[in-house]
Amino acid sequence: MSAHVIESKPLVVEHKEEQENYLTAGYTLKSWFLTLDHKRIAILYLLSVTTMFFVGGIFASLMRLELMTPQSDLFEPDNFNKLFTMHGIVMVFFFIIPAVPGVLGNFLLPLMIGAKDVAFPRLNLLSWYVYIVGAAFTMFTIVSGGVDTGWTFYTPYSTSSSQTHVVPVVLGLFITGFSSILTGLNFMVTIHRMRAPGLSWFRLPLMVWSIYATSIIQILGTPVIAVTLMMAALEKVLRIGIFDPNLGGDPVLFQHLFWFYSHPAVYIMIVPGMGVINEVVTCFSRRSIFGYRAIAFANVGFVVFSFVVWGHHMIVAGQSVYSALIFSILSYLVGIFSAIKVFNWTATMYKGSISFDTPMLYVFGFQGLFLIGGLTGLFLAALGFDVHVHDTYFVVAHFHYVMVGGLVMAFLAGIHFWWPKMFGKKYPESIAKFAMILVFAGFNLTFFPQFILGYLGMPRRYASYPDEFQVLNVMSTAGGSVLGLGFLLIAAYMVWSLVFGKKAGMNPWKATGLEWEHTTSPPPTENFYETPIVNEDPYNYANRDFTKDFNKEVKLGA
Amino acid sequence: MQSSTVQFLPEQASSFALQVDLLYLYLTAVSAFFTIGIVGFIIFFSIKYRRRSDADRPPMTVSNLLLEITWIVVPLALSFVMFIWGAAIFFKMASPPKESMDVYVTGKQWMWKIQHVNGHREINELHVPVGKPVRLTMTSEDVIHSFFIPAFRIKADVIPGSYSKLWFEATKPGKYHLFCAEYCGTKHSGMIGSIIVMEQRDYDAWLGNTKDSSLAEAGQKLFKTMGCVSCHSADSDIKGPNLEGIYGKQVRLQDGSVITAEERYLRESLLAPNAKLTEGFTANMPSYQGLMTEEQILQLISYMRTLTPVTTNTGLKTLPTTALGQTPKPEVTPVQTPKPVTTPTATENKLSGSPKKSEPAK
Amino acid sequence: MSDDHSKHHIVQPTTYATILGALLLFTVLTYYVAFIDLGVLSNFVAMGIAVTKGSLVVLFFMHIFYSTRLLWVVVAGSFGWLGLMLVLTLGDYITRHWDIQHRIFF
Amino acid sequence: MHSSEHSAHHPALAHHFQDLDQQKDATWLAMWVFLGTEIMFFGGLFLAYVIYRSSYPDAFAIASNALNVNMGLGNTFVLIISSFTMAMSVYSAQMAQTGRLVVFLILTLVLGCTFLSVKYFEYKDKFDSHLVPGRHFDFAHHHDPKTGAILEGAHGGSANTESTSHEAGHSEKARREIQIFFSLYFAMTGLHAFHMIIGAGLLIWLIVSSMKGRFSKEYNSPVELVGLYWHFVDIVWIFLFPLLYLIGRHHHG
Ligand code: HEA
Ligand code: HEA
Ligand code: CUA
Ligand SMILES: [Cu+2]
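Residue numbers (the numbering used here), protein chains in the order written: chain A, 74 to 631; chain B, 4 to 365; chain C, 586 to 691; chain D, 7 to 259.
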């Protein structure tokens, strides 16, 4: 644990910054669509997941519009059902799961570990194409009439009752699954085999640990959903009977298989987001992380425990009460790992030197909202309580708090934090802060009332509802509009900054880490001018002199 | 009906309601504690340690094992309370009292079909007396539905091909929402209805008005028309087992195992009689798969239930039902036995949750 | 990485041939055992033999016996995860119709 | 690491790796992790199999007996031997014996194709006897005297069961359960066969490359990796064979 920094022979790169970087390496479409550079692939992902987010968001807005009134007046129930299904599918499989790994993971992983690229660049590009093909299938489904099964595809509804396009969408997800698997595989091998000299496991930035944990979950979980969807499609087309009670099958088996993947999937969503939080909270507190090892091991804990709690989605679904018992207690154990992280981030701020730049505001947002989302997850894991709120808006509120309040906040924190590194430009700080507040306020207005709605008993996936729920629903819709405007604003100024933004310099936040201190913004195609050698623990803020200008020199290894 | 102001709790109309609400309170309190605590610290640190100058150089973080252990152990302890509390309620919800009154529910896109033991049927409405445990035996004709009564805080998925159970004891007369909570297709949100809780007297009157033949009677008719009697009566050529006292009996199977004859087993006996052969009999019973509706199956089951004498909470033992093939007198079907003893009132019953223990006749 | 060299271990044809022999033998064994009525034990014997055969292939044909710890972990982890899935799901099916002892709590 | 100094300029070395060693480590790890995903992929089907086998033991025994155990056994031998020839290919590649490498690869391919053709005839037989799940599934058409006997015998232990006129009702449930067996049979063996076909494609590619002399003592990862894949497919079959073909065989007496 060498605490001192060797600051010998810094390489002054001011002039180099004017020169080539990964963005200027080529301007043709071909140079983008056939690129093997992980940073360019990250940009491709950024474009595609953002598009998907807005597509999903438009579905959400239409849904909220419909829910303003108790009757189903704007859409036929049929269409409403398609809306929430497509909203769930697009948001889960095409936005939130690939978002952080695809964009930030791709961009940062090799930079953070001092590698020139991921282990298998070709595979990396292939992942993106597979994702796009999967997305195309799903989008085709939308155009051709949609699906109405809910994102959970419960049998026997999806296989014997629904008249909509279940098979193409299932196929699309099957394909997309492979994108996720390949990304995970690639990242995992990269972390094992491509670390720079001196970068031992416990010197890795925690973001890397998070990505590592996420990759393992992707690798072990995704194949199961793939084969499950395959069986469901076969059931639908050939009536093979595996999930159809009329043919001797058990519909609950589908739920087991589905949640065996889909619960771990929620950690695929949140864990990389938590990784982002580590980096941002240390940087803006100028403080090394509190309890590095505890957080690192909590990630490992997620890998194991996320796979043994899936039954908490099936508490009233007809599974054994004894199973429910086991799954409930395991859910509480998995909660502890999140608790460790939340407490450690808070403790990291203690005695720090805290500044309030936009990324840090998102961290605050994340902390509060994920906390509420996570704690209400504990509500749901209490068996007798879940009986009442299962499949009500309480659950809807819970998962939006963790997914939007948690992951989307973390994603935005990350995007704002690394934007200067990715594009070499600054976004307009005060507008960004305003947008953050808009999103935060809009979010709470949208989803907090849903907790109450849920406890009052409003079931989810309802196109119409009894009159007494209207007041809260109107609040929720109003919040949704504010939220939507907030997101729109963010997209607008981000695009604006690409053209008009101020030049960022190589390390505008005075952050530690190879990606900030050892290369330019934007980095060159091969990432570093010289392979870095790591000789300190991460987040070594106590050893930096912040009065210096961090934007000038690329630090080199000894 | 409900007032237009925003409420925070649905009505408390069953013996579970208060229990679940108390748990809710505990969960909320723990959450509030942590949320306020952590947000409080964040705000406090943000003010106290805000950056005053770029020259600020915070010290190295020191880790503090004791602190870390504390914040693992305390939440663990608190969440164990959540677990045990939640599980306790859940187990009560999963164990209907023996003396419960039975109602049969069939879900179907997109309606609830309900049959009372006396054969009365309702659609999307369920009338029950206050203060009496009611046990629902539910199945579905097509896809999965979920029977949800917010005011009672109960819910269970209704699954084709198997029976789910749900029980409650209403504590307050009134009309409450019945929702389908598992997404089941186009009119999922239209698959709603109401639960009407009545005073016992009103309930009896309501029930008395109904002219339908009782469920068990209908079942009994089926027992004849479907030809069950030809085997399951003393004088038939092909012998089937004696069905007297079948419900709840420990049936010994050919492979030596023992199984309790309840709904699931009886249903299987009709649809797939040879899957579990009764000891001493051959695989002679035909399958009625596809020949009966779910409702008819329920009727038959309900009839077979009457063949078992039941102890009710009045302490009376119902008369043993008549020999097979004869009409059992409907008034002796156990669930209909009037209950003269005091009905536990809502207030008495709130905390204990489970209905008053019956004093068995023995 | 200290144990790198072990991966370049070249397995000799004699080893391969021995394993081949064992595999063929076990196949014959599992076939004949299937015709003996061992009750429930039949399943365990059949699976035991399959697991043995599988392990031989993994360890020798696939060189895991000579590999780094990391690869051992990957292999054990993958099968372990499959085990988790099987055990927890089967747990549900086995206990689904057990009587409920609601008094275990209060 | 002087050997890597040599290989630093090897044409097969990708630009972002330090040396061939690192590259080889990475690809090995990747291959194993990929096989891990394959385990979970087949795992979903295995889970379904275990659940239904334990729910419907008798039907599964009956259905299993309708499979041609000799073909299954023969195929098991074929596949195990092909695994051996594959292992020998890897050895030859490591020893840079190009001639033997090509021979062993071709042997492996031939054995793989043998397996697939046997599988083809098994499938065809099932098609002809209406054992493919779906609307035309019909177990009653299956006039195997042996299985016929088992149809009754498999219900519990008691022997003196007679076929009666109520057989029809009896076999309705059995029919559905047997159909589930065949669904799983086709899903599992089909997926397995699909993997074999991919494997065969890879083998052809290896044969061509090795004839062109692409592999050397330092660089033979493709052979090793395809080897791993091939062995994995073999392992899947090692489990499928007893699970699908050997259930309840002892009822023959
Ligand atoms: C990012 C996604 C995400 C995350 C991170 C989580 C996290 C958790 N979830 Fe959630 N969940 C979903 C996404 C997510 N969930 C989705 C999408 C659904 C619905 C799917 C559908 O049906 O469509 C769902 C549904 C769902 C259910 C099923 C509800 C139902 O359908 O009836 C349950 C039940 O147990 C549950 C529990 C939990 C728990 C215990 C956690 C825990 O991991 C939370 C842990 C976090 C904390 C505990 C906060 C930090 C803690 C502290 C600061 C200290 C205090 C701690 C203690 C006192 C222990 N979730
Ligand atoms: C990452 C995942 C994710 C995200 C980000 C969101 C985001 C949002 N979700 Fe979603 N949601 C899910 C995952 C997600 N959701 C899932 C999995 C389900 C379950 C589906 C199922 O039951 O099968 C669900 C279900 C769900 C429901 C319940 C439907 C039902 O059960 O009937 C509702 C209802 O309010 C809802 C609302 C919203 C809203 C308002 C947002 C907002 O945050 C969206 C904000 C974004 C925009 C609005 C787009 C950007 C803005 C514009 C394009 C400008 C134009 C718009 C305006 C000015 C309004 N969601
Ligand atoms: Cu029935 Cu929803
Ligand atoms: Cu979950």
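Idealized CB from N, CA, C, for every residue including glycine.
If you're wondering where the values come from, they're calculated on a predicted model, not measured in any experiment.
Chain-ordered, the chain A residues with CB closer than 7 Å to the CB of Glu185 of chain B read Asp464. Assigned with DSSP and collapsed to three states, Glu125 of chain B falls in strand. Contact between Ser103 of chain B and Trp170 of chain B is confirmed by a C-beta separation of about 6 Å, below the 8 Å threshold. For Tyr474 of chain A, the Cβ stays outside the 8 Å cut-off from all heavy atoms of ligand 3. Proximity to ligand 3 was defined by a C-beta distance below 5 Å to any of its heavy atoms, and the residues meeting it, in sequence along the chain, are B:His148, B:Cys183, B:Cys187, B:His191, B:Met194. Not a single CB atom of chain D sits nearer than 9 Å to the CB of His336 of chain A. Judged by their CB atoms, Cys231 of chain B and Leu225 of chain B are nearer to each other than the 9 Å cut-off.
Of the other Cβ atoms in all chains shown, fewer than 16 fall within 10 Å of the Cβ of Arg55 of chain B; this residue is therefore exposed.
Interface flag for Gly50 of chain D against chain A is set, since a Cβ pair is found closer than 9 Å.
In this structure the segment 404–420 of chain A does not touch the segment 320–328 of chain A; the number of beta carbon pairs closer than 8 Å is below three. According to the DSSP secondary-structure assignment, Pro132 of chain B is paired through a beta bridge with B:Met201. At least 9 Å separates the CB of Glu603 of chain A from every CB of chain D. The beta carbon of Glu609 of chain A does not come within 9 Å of any beta carbon belonging to chain D, so the residue lies off that interface. For Asp31 of chain D, the uninterrupted alpha helix (DSSP H) segment begins and ends at 26–61. A Cβ-Cβ contact shorter than 9 Å links Leu667 of chain C with Phe52 of chain D.
For Trp383 of chain A, the distance from the CB to the nearest heavy atom of ligand 2 is not below 8 Å. Here Ala584 of chain A carries a coil assignment [DSSP, helix/strand/coil].
Distances between the C-beta of Ser396 of chain A and the heavy atoms of ligand 1 are all 8 Å or more.
In this structure, Arg312 of chain A sits away from Gly78 of chain D, with a CB-CB distance that is not shorter than 9 Å. Taking the beta carbon of Lys179 of chain D as reference, the chain B residues within 8 Å of it are Leu274, Ala275, Asn277, Ala278, Ser290, Gln292, listed in sequence order. In terms of beta-carbon proximity, His682 of chain C lines the interface with chain A, with at least one pair separated by less than 9 Å. Legend: CB atoms of the segment 427–456 of chain A lying less than 8 Å from CB atoms of chain B belong to residues Ile427, Ser428, Phe429, Phe437, Gln440, Gly441, Leu444, Ile445, Leu448, Thr449, Leu451, Phe452, Ala454, Ala455, Leu456. Annotation: Tyr566 of chain A to Ser503 of chain A spans about 11 Å, alpha carbon to alpha carbon. Residue contact with chain B for Phe520 of chain A: absent (no Cβ-Cβ distance below 9 Å to any residue of chain B). By the neighbour-count criterion, in which 16 or more other beta carbons inside 10 Å mark a residue as buried, Tyr95 of chain A falls on the buried side. Taking Met159 of chain A as reference, the option from A:Thr222, A:Ala397, A:Met387 with the minimal CA-CA separation is A:Thr222. Three or more Cβ pairs closer than 8 Å define a contact, and the segment 170–185 of chain B meets that threshold against the segment 194–207 of chain B.
Within 8 Å of the CB of Leu79 of chain D, the CB atoms of chain C belong to Thr612, Tyr616, in sequence order along the chain.
Distances from the CB of His265 of chain A to the heavy atoms of ligand 4 are all 8 Å or more. Check the Cα spacing between Leu198 of chain A and each of A:Asp190, A:Asn259, A:Ile114: the tightest is with A:Ile114.
The C-alpha of Arg617 of chain A lies about 13 Å from the C-alpha of Trp589 of chain A. A Cβ of chain A is located within less than 9 Å of the beta carbon of Phe192 of chain D.
Contact of Ser537 of chain A with chain B by beta-carbon distance below 8 Å involves Ser192, Gly193. Taking 8 Å as the cut-off, the C-beta of Ile198 of chain B does not count as close to any heavy atom of ligand 1. Inter-residue distance for Glu125 of chain B and Thr38 of chain B is about 47 Å (C-alpha atoms, whole angstroms). When the beta-carbon positions are compared, Lys155 of chain A and Ser233 of chain A stay at least 9 Å from each other.
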